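**Student:** My structure is below; once you've seen it, I'll send some questions.
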Amino acid sequence: MNTHVRLADFTTLRIGGLADKLIEVSTEDDLITAVRDADAAGEPVLLLSGGSNVVIGDDGFRGTVIKIATRGIRADADMCSGAMVHIAAGEDWDAVVQRAIAEEWSGLESMSGIPGLTGSTPVQNVGAYGHEVAETIASVRVWDRVDNAVRTMFAADCGFSYRNSRFKADPSRYVVLEVTFQLPLGDLSAPVGYAELARVLDLEPGSRAPMTDVREAVLGLRRSKGMVLDPDDHDTWSAGSFFTNPILDTPADVPAGAPQWPQPDGRVKTSAAWLIEHAGVSKGFTIGSAAVSTKHTLALTNRGNATAKELLSLAAHVRSQVHQAFAITLTNEPVLVNCTL
Ligand SMILES: Cc1cc2nc3c(=O)[nH]c(=O)nc-3n(C[C@H](O)[C@H](O)[C@H](O)COP(=O)(O)OP(=O)(O)OC[C@H]3O[C@@H](n4cnc5c(N)ncnc54)[C@H](O)[C@@H]3O)c2cc1C
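Okay, structure coming up:
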């Protein structure tokens, strides 16, 4: 256990003050024990994995940060049910995607290059380029901090929706221990429905391609937007997209000219990046040492020594410009810890 730890060193934004204590846990038993002991002592707990979807305030965290570093992948594959792959929460997500492609377990390839660890993927139902983890998660094994018990939750019980889940909605209850994916066998990708990716691959939208090609195309697109971590590129010192794409009640609510993606419940999703650009916020707009990425208006970045205060002032400015222009309130995607927007 370490005390007075600088949390900026544990986040992709490189922002965050001191934590009272930080414990790194490398086994599932140690993870459960650390959470149970802190809960019994009434100490606030912050679960931290890759630190790529959090904004931690400049005053840090008064309590115990539990840094998850559990490892282990087990797989059973057969031609009928495909591969059932059980992955410990602390496994690096992109390494899992690379292994899935090498083993010919299909369905994760469009989520190549997303930072962070596997146990966080169900938390915000991670997704990219037309697919999200909810499509292939069979179950999630958790430590339930209210019932003090290990539980297995099937996908239907996880409350998955766009960038949300039961785990995100009730953050002080569940600790993800292991995620089980059910993946079809084969070297072809899941159908490529995302128009931009299909164009790069020269495919009809909805058709399949070799998974290795899809991964390369996704990584190329992501790099061009500063969405693959690179310590030398400040455009990647971010938490990824800072705002979710708004889902509006009817097509009439979508501003003229903005992209529209119909949802199964009749509502319509539109593009937060489009709204930001058309509200007059340009790439590179800066407050202090925080700036809108020079490659993608949805990412808010640290140019060197930004504070949480500067980053959140920038976020508030972007949100207010969009609200003034379109009367739409953007919702932040990263989890805010000891700070507010
Ligand atoms: C450059 C960049 C690109 C990105 N691109 C995408 C993208 O394309 N799509 C996308 O969906 N996201 C994207 N993200 C966001 C982020 O990478 C994902 O949300 C990722 O899954 C977060 O994982 P993490 O391990 O870093 O989680 P952390 O940031 O450590 O934690 C995120 C939240 O989950 C909680 N948590 C962490 N581990 C557990 C656990 N085991 N049990 C319960 N709660 C837990 C934390 O307390 C926190 O509230 C991007 C981020 C960056 C920096």
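Sequential numbering from 10 applies to the sequence shown in this note's numbering. Even glycine gets a Cβ: it sits at the ideal position worked out from N, Cα and C. Given the structure is predicted, the values throughout are model-derived calculations rather than measurements.
#1: Can S247 be considered in contact with ligand 1, in the sense that its beta carbon sits closer than 6 Å to one or more heavy atoms?
#2: Going straight from the alpha carbon of A315 to that of L57, what length do you get?
#3: Taking 6 Å as the cut-off, does the CB of M236 come closer than this to any heavy atom belonging to ligand 1?
#4: What does a CB cutoff of less than 6 Å around A47 pick up in its chain, not counting 5 residues either side in sequence?
#5: Using the three-state DSSP reduction, which class does Q330 fall into: helix, strand or coil?
#6: Measuring CA to CA, which of I32, V346, T21 is closest to H13?
#7: Could you tell me whether the segment 212 to 230 touches the segment 152 to 171, where touching means 3 or more Cβ pairs closer than 8 Å?
#8: Residues bridged to E33 by DSSP?
#9: Since G95 is in the beta strand (DSSP E), which residue starts that stretch and which ends it?
#10: Who does L5 pair with in a DSSP beta bridge?
#11: Could you tell me if E100 is buried or exposed, where buried requires 16 or more neighbouring beta carbons within 10 angstroms of its beta carbon?
#12: What does the alpha-carbon distance come out to for the pair S298 and L309?
#13: With distance defined between alpha-carbon atoms, name the residue in S35, L307, A324, D29 nearest to K234.
#14: Buried or exposed, going by whether 16 or more other CB atoms sit within 10 Å of the CB of T127?
#15: Have a look at T36 and P268 and give me their C-alpha separation to the nearest angstrom.
#16: What does the Cβ neighbour count give for P255, buried or exposed, with the cut at 16 atoms within 10 Å?
#17: Under 7 Å, do V142 and P343 count as touching if we go by C-beta distance?
#18: According to DSSP, V54 sits in a beta bridge with which residue or residues?
#19: Would you list, in sequence order, the uninterrupted alpha helix (DSSP H) runs of no fewer than 4 residues that lie entirely inside the segment 202 to 245?
**Tutor:** On the basis of the data shown:
#1: yes
#2: 21 Å
#3: yes
#4: V54, T73
#5: helix
#6: Nearest of I32, V346, T21 to H13, Cα basis: I32.
#7: no
#8: Beta-bridge partners assigned by DSSP to E33: K76.
#9: Note that residue 95 corresponds to His in the displayed sequence, not to Gly. For H95, the enclosing beta strand (DSSP E) has its first and last residue at 91 to 97.
#10: Missing from the structure shown is residue 5; the chain here goes from 10 to 350 and no further.
#11: Buried.
#12: 11 Å
#13: L307
#14: buried
#15: 45 Å
#16: buried
#17: no
#18: T73
#19: 204 to 210, 220 to 233
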